[in-house]
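One structure below.
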Amino acid sequence: MEVKKNTVIRTTILVIALLNQALTSSGHAILPISDEEVNQVVTLAFTIGASIWAWWKNNSFTKAAIEADKVLKDKKGIEK
């Protein structure tokens with residue numbers, strides 16, 4: 023049985039995060055990042071994620087596009 027590469031990566035990141043949390047709690051920050059920098063990174067990640075999600079999804083605004091979505095759903099047999 024072979025461990026997947028993604029599993030190893032996620033586990034490694036989790037170990038680093040836990041180690042960082044333990045060291046930070048004891049007053050030894052290995053990742054010297056200020057609260058403001060964390061806020062900026064989280065805000066940026068949220069904005070990027072929301073932008074990609076909104077761009078990727080089918081956003082029908084016009085009457086014709088909404089009607090086309092209904093026709094497509096009917097053809098695929100998708101229930102609302």
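For the working numbering, add 22 to where a residue sits in the sequence shown, where the first one is 1. Cβ coordinates follow ideal geometry from the N, Cα and C atoms, glycine included.
Here's a check: name, in chain order, each residue in its chain whose Cβ is nearer than 8 Å to the Cβ of residue 51, leaving out the five neighbours to either side. 42 and 45
Tell me which same chain residues have a C-beta within less than 6 Å of the C-beta of residue 59, skipping the five on either side of it? none
Taking residue 68 as part of the alpha helix (DSSP H), name the residues at either end of that continuous run. 57-78
Distance CB(residue 82)-CB(residue 91) smaller than 8 Å: yes
In angstroms with no decimal places, state the Cα-to-Cα distance between residue 72 and residue 80. 14 Å
By the three-class DSSP mapping on this structure, what secondary structure does residue 81 have? coil
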